[in-house]
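If you read the sequence shown in the numbering used here, its first letter stands for residue 71, the second for the next number, and so on. Where is the CB? At the ideal position from N, CA and C, for every residue including glycine. These notes are about the structure you will find just below.
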Amino acid sequence: MNGVVLVTGATGNVGRWVVTGLRARGLRARPGLRDPAGDPDAVAFDFRRPETFAPALAGSSALFLLRPPAIADVDRTLNPLVDAAIAAGVRRIVFLSVMGADTRGYIPHAKVEQHLRRGPSEWTFLRTGFFAQNLGDAYRIDIREHDELFVPAGHGRAAFVDARDLADAAVRLLAEDGHARRAYTATGSQALGFAEVAALLSAELGRQIRYPRPGALRYALRLRRRQLPSMQVLVQTLLHVGLRFGQAELVDPTLPALLGRPARTLAHYIADYRGLWLR
């Protein structure tokens, strides 16, 4: 593939590694940022400002698309961007979706997938599960300050996938032919319970990290005390409660096949980023 790749979410866990990976292949990555100052290749872009779409897409031949957690209304944000991309001549769109988007039509990712399916673009869906990076983002304060892995997942298990592996896979889908109109499931190589995750953290950090198995209400109240928006509290709570019913325990062999190597384990991620949880 030749030309420019517009990368949305370019400062996030996956997007920033997509930018790095594309550039390592000699491809032109164009980060779409609300504030592009400091990166000569970046362009002003905001999902909530449709007037930024056409300038950001100008000259692009591909788009890496993801849904920021704060955006729920894709009919006014992501889907209009897809339409603008097609109108601008963008041929290839790789969408970072989620597992279950093909069966749960009510979730935002499903609506984006449906919209892409109706269009003429060479779309590819990379459907992922639970991020290893949640430990360094959503769970970081509890681990670092309270020695707790505080989520209402009960005895549920998750096949944690490293965002760096997702980015490597996305780069291949953007750079190589043969993936048009296909959907791939990308998970980690092993499903772990949260007690096991706490044990991995304890071993790496040299102090005990507990998993108290809080209920959904306790978890939601803690998030509200941190002044998170109500919708975000609801989504995060339902997401973690869903783990109790096996929503993220599937281990799929697709990701190593896409990468041409084994996927990173959760232990690798914890070792690489142990400084995040040091006091």
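Query, Result
"For the beta strand (DSSP E) that Tyr254 lies in, which residues bound it at each end?", "Arg252 to Ala256"
"Is Ile211 helix, strand or coil when you go by DSSP?", "helix"
"Buried or exposed: where does Tyr289 fall if 16 or more other Cβ atoms within 10 Å of its Cβ makes it buried?", "buried"
"Which first and last residues belong to the beta strand (DSSP E) in which Ser130 is found?", "Ser130 to Leu136"
"With Ala261 and Ala229 assumed to form a contact (beta carbons below 8 Å), what rounded beta-carbon distance in angstroms separates them?", "5 Å"
"Could you pull the start and end residues of the alpha helix (DSSP H) that Ala99 belongs to?", "Per DSSP, Ala99 belongs to no alpha helix (DSSP H); it is in the beta strand (DSSP E), Arg98 to Leu103."
"Less than 6 Å between C-beta atoms, sequence neighbours within five positions excluded: which residues of the same chain meet that for Asp232?", "Ala202, Arg334 and Tyr339"
"Could you check which residue in Leu275, Ile279 and Glu274 has the C-alpha nearest to that of Ala268?", "Ile279"
"List in chain order: all unbroken alpha helix (DSSP H) runs of 4+ residues lying wholly within the region 289-326.", "300-313"
"Hey, out of Leu293, Asp111, Gly263 and Gly224, whose CA is closest to Leu320's CA?", "Gly263"
"Please state whether DSSP places Val113 in a helix, a strand or coil.", "strand"
"Once the 5 residues before and after His185 are set aside, which same chain residues still bring their CB inside 7 Å of it?", "Asn149 and Val152"
"Would you call Ala304 buried or exposed, if buried means 16 or more other Cβ atoms sit within 10 Å of its Cβ?", "The sequence shown places Leu at residue 304, rather than the Ala named in the question. Flag for Leu304 reads exposed."
"What do you reckon, are the CB atoms on Ala171 and Arg187 nearer than 8 Å?", "no"
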